[in-house]
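Participant: One structure, as structure tokens, below. Some questions next.
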Amino acid sequence: MKKKFQDLTSLEFYTNKKQVKWIVVAASIIIGAGSIWYTNSLVEELRERERRQIELLSSALEYAATTMENLTFINQEIIQQNYSIPIIMVDDSENPIEFRNIIFRNDATAEDSAKTLTKELATMRAEYEPILLPEADILVYYRNSELLINLKYYPYVQLGIILIFGAFAYALFNQSKIAEQNRVWAGLTKETAHQLGTPIASLMAWIDYLRNSPVWDENKEIILEMDKDVVKLRMVTERFSSIGSKPVIQTGNVYETIEDTINYLRPRISTKVEMNIYADSKDLEAMMNKPLFEWVIENICKNAVDAMKGKGKIDIEILQDSDKFVIIDITDTGKGMEKNMYRRVFNPGFSTRQRGWGLGLTLAKRIVEGYHGGKIFVKHSEVGKGTTFRILLHGSQEGASQFITEGILEY
């Protein structure tokens with residue numbers, strides 16, 4: 010019971026990963042906003058402290074201008090102790106007469122220094138109102154210290170670095186996870202193919218025995234149907250074996266491959282489902298692994314039958330797209346879907362059936378795009394009227410090799 014609960018929890022987490030992703034994003038935004046708010050609070054407090062310091066400095070200057078008492082103490086302990094806040098003192102004609110903490114170039118000329126002071130003065134006027142020393146007819150201009158400026162932008166820089174690192178870590182983790190899933194997938198399919206081999210060989214031997222036994226004449230049709238199912242099992246084993254290793258992609262007749270699949274499906278699905286194949290030419294060829302591509306057609310058609318609840322029509326149209334691609338459109342008259350589900354139907358675990366595993370279309374996408382270097386997507390769907398899936402296969406060895414090698418899977 011505990012293991013079953015864990016499996017269900019894991020499946021629900023995987024199925025609802027989009028919601029989980031948005032929860033993580035929302036939590037990150039809240040944390041980031043909190044960090045920015047707290048830093049801005051510190052900035053405001055530091056700004057107010059610097060303003061009080063400038064007011065104290067101004068008071069000291071005003072006092073120094075009116076009396077000579079304790080002038081040395083005022084100059085050394087108050088005025089000269091300002092190591093961070095840039096200030097410029099100007100006379101009533103706005104001419105600089107004194108400044109502190111203004112940075113000049115080492116090779117600056119007198120003219121360059123004057124331009125720097127003018128520029129700094131303009132910046133200070135834009136930031137704060139000057140402090141007036143009425144007794145001395147002096148205005149004290151100032152701006153934020155470099156520490157305050159750096160602190161103001163620090164959270165944004167910090168968040169940017171965290172986001173870049175997070176994106177890199179996510180991409181690395183995602184690739185590692187995909188690689189691990191691929192290894193598990195390949196190992197599972199190879200082991201499944203290996204385990205199926207022995208009982209299938211035994212069943213083949215028993216069918217050969219029945220062919221040569223006295224019961225053949227009376228049970229010929231039954232034995233032939235059993236033989237077809239054994240052939241199907243061999244095909245399934247070959248499919249799993251192909252997925253578990255690098256499949257052989259070679260030229261194949263598209264029409265014949267699809268026709269063989271449909272002929273196998275017809276007696277095994279509802280008799281109320283009509284299946285038709287239309288083609289520009291019955292001789293169109295594409296690069297494929299026949300057992301795997303038959304699996305794709307089978308999965309899409311079975312999904313279509315489920316969508317139509319065992320009653321409707323499936324039309325398969327084979328088209329030539331210049332010399333580059335062969336197009337296969339599979340259209341059903343099922344319940345259709347909303348546009349926002351076009352991509353989701355290929356996600357593992359996505360299923361509209363209560364007992365569905367949601368792996369059929371995921372497997373089809375993996376086979377078409379991962380092994381054939383082709384494309385598969387929902388071309389069109391309308392709720393209540395049906396859905397059209399489009400498959401693109403390469404019409405030449407050169408095109409398939411290029412896409413499989415480079416991993417170009419755009420659609």
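Those letters in the sequence shown? Residues 10 to 420, by this note's numbering. Each residue gets a CB set at the ideal place from its N, CA and C atoms; glycine is no exception. Keep in mind it's a predicted model, so treat the numbers as computed, not measured.
(1) Within 10 angstroms of the Cβ of Lys-394, are there 16 or more other Cβ atoms? Answer buried if so, exposed if not.
(2) For Leu-243, which residues from the same chain have a beta carbon less than 7 Å from its beta carbon, with the 5 sequence-adjacent residues on both sides left out?
(3) What are the partner residues of Thr-397, as DSSP defines its beta bridges?
(4) CB-CB under 8 Å to Ser-250, same chain, minus the five flanking residues each way: which ones, in chain order?
(5) Report the three-state DSSP secondary structure of Gly-261 (helix, strand or coil).
(6) Looking at the unbroken beta strand (DSSP E) that takes in Glu-283, where does it start and where does it end?
(7) Quick check: the stretch 295-314 against the stretch 366-384, are there 3 or more CB pairs under 8 Å?
(8) DSSP three-state call for Met-297: helix, strand or coil?
(9) Which residues does DSSP list as the beta-bridge partners of Gly-169?
(10) Apply the 10 Å Cβ neighbour rule to Asp-330 and answer buried if 16 or more other Cβ atoms are within range, or exposed otherwise.
(11) Counting along the chain, where does the alpha helix (DSSP H) carrying Gly-382 start and finish?
(12) Counting pairs of beta carbons, one from the stretch 346-354 and one from the stretch 381-393, are three or more of them closer than 8 Å?
(13) Assess contact between the stretch 319-330 and the stretch 278-285, defined as three or more Cβ pairs (one per stretch) separated by less than 8 Å. Is contact present?
(14) I need the DSSP call for Lys-318, collapsed to helix, strand or coil.
(15) Look at the alpha carbon of Phe-302 and the alpha carbon of His-403, and state the distance between them as a whole number of angstroms.
(16) Name the two residues that bound the continuous alpha helix (DSSP H) containing Arg-134.
(17) If you draw a straight line from the C-alpha of Ile-140 to the C-alpha of Trp-31, how long is it?
(18) Between Asn-308, Glu-155, Lys-344 and Val-335, which has its C-alpha nearest Gly-321's C-alpha?
(19) What are the residues that DSSP puts in a beta bridge with Tyr-179?
(20) Which word fits Phe-82, buried or exposed, when buried means at least 16 other C-beta atoms lie within 10 angstroms of its C-beta?
(21) Quick one: give me the first and last residue of the beta strand (DSSP E) that Leu-148 is part of.
(22) For Ala-117, which residues of its own chain have a beta-carbon under 8 Å away from its beta-carbon, when the five flanking residues on both sides are left out?
(23) In chain order, what residues of the same chain have a beta carbon less than 6 Å from the beta carbon of Val-99, not counting five sequence neighbours either side?
(24) Hey, out of Gln-204, Ala-131 and Ala-180, whose CA is closest to Thr-246's CA?
(25) When you compare only the Cα positions, how much space is there between Ala-131 and Arg-56?
(26) Which two residues bound the contiguous alpha helix (DSSP H) that contains Lys-374?
(27) Compute the minimum distance between the beta carbon of Ser-279 and the heavy atoms of the ligand MG, and state whether it is under 7 Å.
(28) Relative to the C-alpha of Thr-260, which residue among Ile-187, Leu-293 and Leu-168 is closest?
(29) I'd like to check one pair, Ile-339 with Ala-316: are the Cβ atoms closer than 8 Å?
(30) Determine the direct distance from the alpha carbon of Ile-39 to that of Met-133, and round the result to whole angstroms.
(31) Alpha carbon to alpha carbon, what distance is there between Glu-234 and Ile-400?
(32) Taking only runs of the alpha helix (DSSP H) that begin and end inside the stretch 202-275, which ones reach a length of at least 4 residues, in chain order?
(33) Looking only at its own chain, which residues have a Cβ that is under 7 Å from the Cβ of Lys-161, when we skip the five neighbours before and after it?
(34) Output needed for Ser-5: all residues of its chain with C-beta closer than 6 Å, excluding positions within five of it in sequence on either side, in chain order.
(35) Starting from Glu-107, follow the beta strand (DSSP E) in both directions and report where the run begins and ends.
(36) Would Phe-355 pass as a contact of Leu-368 if the rule is Cβ separation under 8 Å?
Facilitator: Looking at the coordinates:
(1) Your numbering for residue 394 matches position 385 in the sequence shown. Answer is exposed; the Cβ neighbour count stays below 16.
(2) To locate residue 243, count along the sequence shown from 1; it is residue 234. The amino acid at residue 243 is misidentified as Leu; the sequence shows Arg. Within the same chain, Arg-243 has close Cβ partners Ile-209.
(3) Mapped onto the sequence shown, residue 397 falls at position 388. Thr-397 is bridged to Thr-340 and His-389.
(4) As a first step, residue 250 is located in the sequence shown; it is residue number 241 there, counting from the start. These residues qualify, in order along the chain: Thr-198, Lys-199 and Ala-202.
(5) If you number the sequence shown from 1, residue 261 lands on position 252. Assignment of Gly-261 by DSSP, reduced to helix, strand and coil, places it in the strand class.
(6) What you label residue 283 is simply residue 274 of the sequence shown in a count that begins at 1. First-last of the beta strand (DSSP E) with Glu-283: 282-288.
(7) yes
(8) Taking the sequence shown and counting its residues from 1, one reaches residue 297 at position 288. Assigned with DSSP and collapsed to three states, Met-297 falls in strand.
(9) As a working note, residue 169 is residue 160 in the sequence shown. Under DSSP, Gly-169 takes part in no beta bridge, so it has no partner.
(10) Counting from one through the sequence shown, the residue named residue 330 turns up at place 321. That one is exposed.
(11) Here residue 382 corresponds to residue number 373 of the sequence shown, with the count starting at 1. Run containing Gly-382: none; DSSP gives neither H nor E here.
(12) yes
(13) Under the 8 Å Cβ criterion, the stretch 319-330 counts as touching the stretch 278-285, having at least three qualifying pairs.
(14) To locate residue 318, count along the sequence shown from 1; it is residue 309. Three-state result, Lys-318: coil.
(15) Within the sequence shown, the letter at position 293 stands for residue 302. Within the sequence shown, the letter at position 394 stands for residue 403. Take the alpha-carbon of Phe-302 and the one of His-403: they are about 13 Å apart.
(16) For the purposes of this step, residue 134 is taken as the residue at position 125 of the sequence shown. Per DSSP, the unbroken alpha helix (DSSP H) holding Arg-134 starts and ends at 119-136.
(17) Position 131 of the sequence shown, counted from the start, is the residue given in the question as residue 140. Position 22 of the sequence shown, counted from the start, is the residue given in the question as residue 31. Their backbone Cα atoms lie some 50 Å apart in a straight line.
(18) Position 312 of the sequence shown, counted from the first residue, corresponds to residue 321. That would be Lys-344, whose Cα lies nearest to the Cα of Gly-321.
(19) As a working note, residue 179 is residue 170 in the sequence shown. None, per the DSSP bridge assignment.
(20) As a position in the sequence shown, residue 82 is number 73, starting the count at 1. Low confidence applies to Phe-82: its pLDDT is 46, below 50, so where it sits in the model is not reliable enough to give any reading.
(21) Mapped onto the sequence shown, residue 148 falls at position 139. Its beta strand (DSSP E) spans residues 147-151.
(22) Residue numbering aside, residue 117 sits at position 108 when the sequence shown is read from its first letter. Taking Ala-117 as the centre and dropping the five residues before and after it, the same chain places the C-beta of Thr-125 closer than 8 Å to its C-beta, in chain order.
(23) Within the sequence shown, residue 99 is the residue found at index 90, counting from 1. So the qualifying residues of the chain are Pro-105 and Leu-148.
(24) Numbered from its first residue, the sequence shown carries residue 246 at position 237. It is Gln-204 whose Cα lies nearest to the Cα of Thr-246.
(25) On the sequence shown, position 122 is the one that residue 131 refers to. On the sequence shown, position 47 is the one that residue 56 refers to. Each residue's alpha carbon lies about 19 Å from the other.
(26) Looking up residue 374 in the sequence shown gives position 365. Counting along the chain, the alpha helix (DSSP H) containing Lys-374 begins and ends at 369-374.
(27) Because no ligand of any kind appears in the structure shown, any question about the ligand MG cannot be addressed here.
(28) Mapped onto the sequence shown, residue 260 falls at position 251. Comparing Cα-Cα distances from Thr-260 to each of Ile-187, Leu-293 and Leu-168, the minimum goes to Leu-293.
(29) Here the question's residue 316 lines up with position 307 in the sequence shown. Here the question's residue 339 lines up with position 330 in the sequence shown. Against a cut-off of 8 Å, the Cβ pair of Ile-339 and Ala-316 comes out as no contact.
(30) By 1-based counting over the sequence shown, the position of residue 133 is 124. By 1-based counting over the sequence shown, the position of residue 39 is 30. Taking the straight line joining both Cα atoms gives about 34 Å.
(31) The residue you call residue 400 lines up with position 391 of the sequence shown. The residue you call residue 234 lines up with position 225 of the sequence shown. Distance between the alpha carbons of Ile-400 and Glu-234: 31 Å.
(32) For the stretch 202-275, the full-length alpha helix (DSSP H) segments reaching 4 residues or more read 229-252 and 263-274 along the chain.
(33) Start at 1 with the first residue of the sequence shown, and residue 161 comes out as number 152. For Lys-161, where only same-chain residues beyond five positions count, the Cβ hits under 7 Å are Val-52.
(34) Past the boundaries of the shown model lies residue 5; the chain is included only from 10 to 420, so the question cannot be answered.
(35) Counting from 1 along the sequence shown, the entry for residue 107 is found at position 98. It spans 105-109 - the beta strand (DSSP E) in which Glu-107 sits, taken as one unbroken run.
(36) One-based indexing of the sequence shown puts residue 355 at position 346. One-based indexing of the sequence shown puts residue 368 at position 359. Not a contact, by the Cβ cut-off of 8 Å.
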